[in-house]
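This report refers to the structure that appears directly beneath it.
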Amino acid sequence: MELSTPAGLELLARSVAEQLGADRTEKDGDTGRVRVVYADGRALELTPNRPRTRITVTAVLPEQATAHGIEVKAITVTALPRPRPSESQAKATARHTADHIRQRLLPAHTAALAELRERTAPPGGHVPACRIRPCRIP
Numbered sequence: 033m034e035l036s037t038p039a040g041l042e043l044l045a046r047s048v049a050e051q052l053g054a055d056r057t058e059k060d061g062d063t064g065r066v067r068v069v070y071a072d073g074r075a076l077e078l079t080p081n082r083p084r085t086r087i088t089v090t091a092v093l094p095e096q097a098t099a100h101g102i103e104v105k106a107i108t109v110t111a112l113p114r115p116r117p118s119e120s121q122a123k124a125t126a127r128h129t130a131d132h133i134r135q136r137l138l139p140a141h142t143a144a145l146a147e148l149r150e151r152t153a154p155p156g157g158h159v160p161a162c163r164i165r166p167c168r169i170p
């Protein structure tokens, strides 16, 4: 997997997004990072490490999370896992990265978003959709 070019990282991000069931990928300007974005707004950021043999994956949280002291530690994954028989190196890297994200990052990301939702919920714990019609929730 060639991570020394933005195109290589973008290709990896697309493969990872496909395996994770994400909606799309986005280049993050000139930073060399690529985001994997889900339809519900969740996002992960992939960054190649020097000397381009490892990938750091960061869960992107809303800005409010920082104010509440909520964070998710980034994970680092090798970009050169051993391919399975009849598997290309690129496919092995995407599979390996997606597996680590599923096992190590997504549970923490989901928990952090749930904690943020809990901390920022309005008093009474229900969503203020009551503005449309009178609320009957005590």
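Numbering (the numbering used here), first residue to last: 33 to 170. No residue lacks a Cβ here, since even glycine has one placed at the ideal position from N, Cα and C. Keep in mind the model is a prediction, meaning the values are calculated, not measured.
Check your understanding: Counting pairs of beta carbons, one from the stretch 99-112 and one from the stretch 51-65, are three or more of them closer than 8 Å?
Key -> No: fewer than three Cβ pairs fall under 8 Å.
**Study point:** Helix, strand or coil at threonine 23 according to DSSP, with G and I counted as helix
**Key:** Not covered by the structure: residue 23. The range shown for the chain is 33 to 170.
Check your understanding: Count the other CB atoms within 10 Å of the CB of alanine 5; is the residue buried (16 or more) or exposed (fewer)?
Key -> As shown, the chain starts at 33 and ends at 170. That puts residue 5 outside it, with no answer to give.
Practice item. With a 10 Å radius around its C-beta and 16 neighbouring C-beta atoms as the bar for buried, classify glutamate 77 as buried or exposed. Key: Buried.
Exercise for review: Would you mind giving the Cβ-Cβ distance between valine 89 and valine 109, rounded to the nearest angstrom? I have them listed as a contact below 8 Å.
Suggested key: That belief holds up - the Cβ atoms of valine 89 and valine 109 are roughly 6 Å apart, short of 8 Å.
Check your understanding: Helix, strand or coil: which one does DSSP assign to threonine 37?
Key -> In this structure, DSSP gives threonine 37 a state outside helix and strand, which the three-state scheme calls coil.
Exercise for review: Kindly give me the distance between the Cβ atoms of alanine 111 and threonine 125, rounded to whole angstroms, as I take these residues to be in contact under 8 Å.
Suggested key: The beta-carbon separation of alanine 111 and threonine 125, rounded to 5 Å, stays under the 8 Å limit for a contact.
Point to revise | Enclosing beta strand (DSSP E) for leucine 76 [first to last residue] | key: Per DSSP, the continuous beta strand (DSSP E) segment holding leucine 76 begins and ends at 75-81.
**Study point:** Rounded C-alpha distance that separates leucine 138 from aspartate 62
**Key:** Going from the Cα of leucine 138 to the Cα of aspartate 62 covers about 26 Å.
Exercise for review: Could you check how far apart the C-beta atoms of valine 66 and leucine 41 are, in whole angstroms? I think they sit under 8 Å.
Suggested key: That pair is a contact at about 5 Å.
Check your understanding: How would you write the range of the alpha helix (DSSP H) that threonine 63 sits in, first residue to last?
Key -> Where threonine 63 is concerned, there is no enclosing alpha helix (DSSP H), given that its DSSP letter is neither H nor E.
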